[in-house]
Structures are given as C-alpha cells and as structure tokens.
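Counting from 1, one number per residue, gives the positions in the sequence shown under the working numbering. All C-beta atoms in this analysis are idealised placements derived from N, C-alpha and C, irrespective of residue type, glycine included. Everything numeric in this text was worked out from a predicted model, so none of it was measured.
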Amino acid sequence: MSSRSAAVRGSLVALTIAVVLSAAMLRAPVVAVAPVARAIGDDLQVNAGVVGLLTSIPVLCFALCSPIAVAIVRRGGPDFALAVCLTGAVAGSLLRSAGGLVPALVGTALLGLFLTIGNVVVPIIIGREFPPERTHLMTGVYTSAINVGTMTVTLATAPLATGIGWRGAILVWSGFGLAALAVWVGLRGLRGAFVPDAAAGAAPATGEPARVLRQASTWLLASAFAGQAFAFYGVTAWLPSLLGDQGFGGTEAGAIAAIFQVAGIAGALLTPLVTTRVSVRAAVLLVALGWLAVPLGFLLAPQLWLLWCALGGVAQGGGLTVVFILINALGGDERTIAGRSGLVQGIGYGVAAAGPLIVGALHEATGSWTASLLAVLVAVVLFGVAGSAATAPLRRRT
C-alpha cells in the first residue's frame with residue numbers, strides 16, 4: 001500500500017469515527033433525561049410535565065430551528081457547522097446540569113438548537129467525504145450509531161446517577177461530543193474547524209436552494225419522514241404502556257420495548273444493502289411492510305408481541321436510514337442538500353413532536369389501543385406511499 005493510499009484510508013477511518021461519535025451525541029443528551037426523570041423532579045421540585053419539557057424541547061427545536069441550522073451550514077460551510085454543533089451542544093449540556101430549573105430549561109433549549117445543526121450537517125458531510133459506493137453504507141453506520149448511543153444511555157444513566165447524581169449522569173454523555181470534536185479538529189485543524197468557510201458564505205445564488213423547495217420529491221420525502229417520525233416517537237413513548245396492558249410488569253414491559261430500539265441497529269445496517277443491491281424504492285417498501293407489523297400485529301395477534309417488536313424495530317432503524325440516504329441521493333450541491341435536509345427534518349420532527357400526544361390522547365379518549373394503533377398505521381402508510389413516490393427521480397435517472 002502506497003503512503004498516499006494509507007493516508008486516504010486513515011482519513012476515512014478518522015472521518016468514520018467522527019461521524020459515529022457525532023451521531024451518538026445527537027441523541028444521547030436528550031435520551032439521558034428519561035431514566036432519571038423522577039430524581040430530577042424531586043430535586044427541582046417540579047411535576048412530571050415540567051420534567052417532560054427537558055425531553056420535548058429538543059424535539060421541538062429539531063423542527064423550529066432547522067432554518068437556522070441551514071443558514072449556518074450555507075454561510076459557514078459543513079466543517080464549521082459541525083464544530084459549532086459539537087461545541088454548542090457540550091456547552092448546553094453543561095448549563096443544563098449547572099443549577100436549578102431555569103438553567104436546566106435554557107440549557108436544554110441551547111442543546112436542542114445546536115443538535116439541530118448536527119442533524120442537518122452530518123448527512124451532508126457523509127455525502128461529501130465518502131466515495132459514492134460507500135455513502136449508503138456510511139449513512140447506515142450513522143443511523144445505527146444513533147441507536148447504539150440511545151441504547152447505551154438508556155441502560156447506563158440510572159446506575160450512574162446512584163453514584164454521581166442525576167446532574168453528573170446526564171452530563172457525562174457530553175463526552176461523545178467532546179471526543180467527536182477532538183477528532184474533527186484533528187482532521188481539519190483549529191482554523192479549518194472553527195473559522196467559517198469564506199467560499200461557502202460568498203457562493204453565488206444559483207437558484208438551486210430555492211428550486212429544491214419547488215421539487216415534488218422534497219415535499220414527498222418530508223411527508224415520508226413525518227410518517228416515520230410520528231410512528232417512531234408515538235410507539236417509543238407508549239409501547240411500554242401497551243405491553244403493560246397486555247399483562248406485563250413494568251420491568252418486563254421496559255425490557256421488551258428495548259427490543260424495538262435494539263433491533264433498529266440491524267435495520268440501519270441492513271437497509272444500505274437493499275438500496276445498493278436492489279433499489280432505494282425497494283428499501284422504502286420493505287421498511288414500510290416491516291413497520292406495519294407493529295400496528296397490525298398488536299391489533300390482530302398481540303400474543304406475538306416479540307415478533308412485532310423485532311420486525312418493527314428493524315423497520316424503524318431502516319426508515320431513518322433510507323430517508324437520510326434519499327436526502328443525498330436526490331442530488332444537488334451542498335447548499336441544495338442543506339436546504340432539503342433542513343426542510344425534511346423540520347417538517348418531520350414537527351410532526352414527531354405530536355406523535356406521543358396524539359397516540360396517548362386517542363388511548364385516553366377511547367379506553368383502548370385500537371385508535372392509537374390505527375393512527376400509527378396511517379403514519380406508516382404515509383411513509384410507504386410518499387417515500388416510494390419520492391424515489392421517482394432516481395428511477396428516471398436509471
């Protein structure tokens with residue numbers, strides 16, 4: 001192997017590490033609140049609704065702050081945007097753990113803002129830095145790292161809190177961000193990471209960013225992600241309660257629900273195999289069929305809960321992956337992809353924030369899970385139909 005080839009390979013390995021660590025940081029600080037929610041409420045002397053804001057505010061930021069994230073990516077360039085994301089997310093985590101309720105809420109809002117930048121920019125960096133034949137696989141690695149980070153934090157935060165308190169337990173996960181930032185600075189240097197790219201800010205208006213808003217594929221992909229996100233957040237929030245009504249205890253229900261999350265890792269890694277060996281459209285349809293296992297399975301044969309959780313888990317990991325693959329695959333320059341990424345995620349996470357509320361409200365209003373599962377079913381159908389239609393430009397190219 002030549003020294004040049006070794007250097008390129010080493011750079012790709014470092015980039016992969018940066019992507020994996022960044023992916024873990026994009027969800028870990030948010031998920032860390034749930035395992036210690038009761039301790040937070042007792043310490044801050046607030047009710048469960050207020051504690052819930054520490055989880056819901058970042059998701060709302062993912063929706064509302066997407067235009068800000070797109071502007072930062074376009075004006076400063078992706079390298080600068082990722083450094084800002086990681087630095088700001090660590091600072092938000094520190095503030096959240098620094099004192100009482102006000103710092104916790106303000107820190108959470110800052111955390112949500114900076115993580116939104118990461119949501120938008122990481123898929124762009126993957127599309128820019130990795131060879132085309134590896135882009136789909138790296139997108140799968142990225143989304144599987146999100147699931148691994150979520151699983152790790154869910155399992156480890158409560159035990160950590162018994163030794164270092166809830167503040168330390170939710171703060172420790174900012175280590176993902178610090179490690180990712182260290183790798184990123186090592187790759188780009190301090191100036192390359194923290195100084196905005198003048199060429200990006202001075203790029204002439206080509207009309208592409210505006211044109212992407214007029215493309216049907218953009219809105220179809222946004223609709224598909226809205227269906228995926230609604231189903232994921234709705235099921236994640238209420239699956240333990242649904243299982244509890246099936247006769248499982250709290251610990252058992254939580255463990256079974258964890259299968260749904262863990263299986264997402266397999267879905268994230270398997271989906272790129274389908275997109276590259278068959279087609280992106282085939283991956284969308286297979287994911288939609290897998291997702292249908294949750295609402296239809298629990299409606300028609302709830303005793304097969306393990307099968308439905310496993311199939312649905314694989315599907316939810318694949319759904320997120322195929323959406324991010326399409327954000328890049330639909331083409332355009334970095335400014336265009338940033339605009340598409342921001343719009344798709346802004347709409348998707350806006351709908352996602354309503355998922356747990358609607359699923360829970362339907363259950364409370366009807367006294368059963370039928371209406372709630374039918375709402376998830378509608379969301380999954382939306383994902384399948386809109387996602388399949390969004391792949392039309394790819395089919396025309398071939």
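Cβ pair residue i, residue j closer than 7 Å
i: A375; j: L362; result: yes
i: G177; j: L86; result: yes
i: I325; j: T139; result: yes
i: L343; j: A222; result: yes
i: L320; j: T143; result: yes
i: G387; j: V284; result: yes
i: P295; j: L373; result: yes
i: H136; j: T16; result: no
i: S66; j: G332; result: no
i: A226; j: G348; result: yes
i: L21; j: A179; result: yes
i: A63; j: G350; result: yes
i: P240; j: A258; result: no
i: A71; j: F194; result: no
i: V287; j: V262; result: no
i: V90; j: S11; result: no
i: A169; j: V36; result: yes
Residue i classed as buried or exposed, judged by whether at least 16 other C-beta atoms fall within 10 angstroms
i: G49; result: exposed
i: N328; result: buried
i: R395; result: exposed
i: P132; result: exposed
i: T366; result: exposed
i: R74; result: buried
i: W97; result: Residue 97 is actually Ser in this sequence, not Trp. Under this definition S97 is a buried residue.
i: R281; result: buried
i: G297; result: buried
i: G127; result: buried
i: A181; result: Reading off the sequence shown, one finds Leu at residue 181, where the question assumed Ala. By the neighbour-count rule (16 or more Cβ atoms within 10 Å), L181 is buried.
Spatially closest choice to residue i from the options, by CA coordinates
i: V13; options: A109, R134 and L115; result: R134
i: A158; options: M25, R38, V351 and T370; result: R38
i: A237; options: L221, G254 and L343; result: G254
i: F232; options: G244, F383, G168 and A104; result: F383
i: F230; options: V380, G10 and A34; result: V380
i: Q45; options: L181, G99 and I126; result: G99
i: G149; options: A23, L60 and N119; result: A23
i: A268; options: V141, W219, V121 and R211; result: V141
i: P123; options: W305, A18, I40 and L300; result: A18
i: R214; options: T336, V385 and V31; result: T336
i: W308; options: F260, R281, A352 and V280; result: F260
i: V33; options: A69, T108 and R9; result: T108
i: C61; options: P103, G118 and N47; result: G118
i: L105; options: V359, G41 and A224; result: G41
For residue j and residue i, the rounded distance between their alpha carbons
i: G77; j: E334; result: 9 Å
i: L54; j: R27; result: 13 Å
i: G313; j: V278; result: 22 Å
i: I146; j: G112; result: 16 Å
i: F80; j: G88; result: 12 Å
i: L95; j: G247; result: 41 Å
i: E252; j: A390; result: 39 Å
i: G165; j: V172; result: 11 Å
i: V378; j: L357; result: 16 Å
i: L242; j: G290; result: 19 Å
i: A448; j: S341; result: Residue 448 cannot be examined here, being either before or after the span of the chain that is shown, 1 to 398.
i: L330; j: P393; result: 7 Å
i: G92; j: Q228; result: 28 Å
i: V183; j: V153; result: 21 Å
i: D43; j: V51; result: 11 Å
i: L160; j: A216; result: 47 Å
i: A293; j: P196; result: 46 Å
i: T271; j: E129; result: 20 Å
i: Y121; j: M25; result: Sequence inspection shows Val at residue 121; the Tyr mentioned does not correspond to that position. Using only the alpha carbons, I get a separation of about 13 Å.
i: V212; j: W219; result: 9 Å
i: D245; j: S368; result: 9 Å
i: T370; j: W305; result: 15 Å
i: G192; j: F114; result: 19 Å
i: R167; j: M151; result: 19 Å
i: P29; j: L110; result: 12 Å
i: V385; j: A315; result: 15 Å
i: A224; j: A352; result: 12 Å
i: L273; j: N47; result: 46 Å
i: I125; j: I68; result: 18 Å
Cβ-heavy atom distance, residue i to the ligand SAM, below 6 Å
i: V212; result: The ligand SAM is not part of the structure shown, which contains no ligands of any sort.
| request: Evaluate contact between the segment 54–63 and the segment 179–192, counting only Cβ atoms and requiring at least three cross-stretch pairs below 8 Å. | output: no
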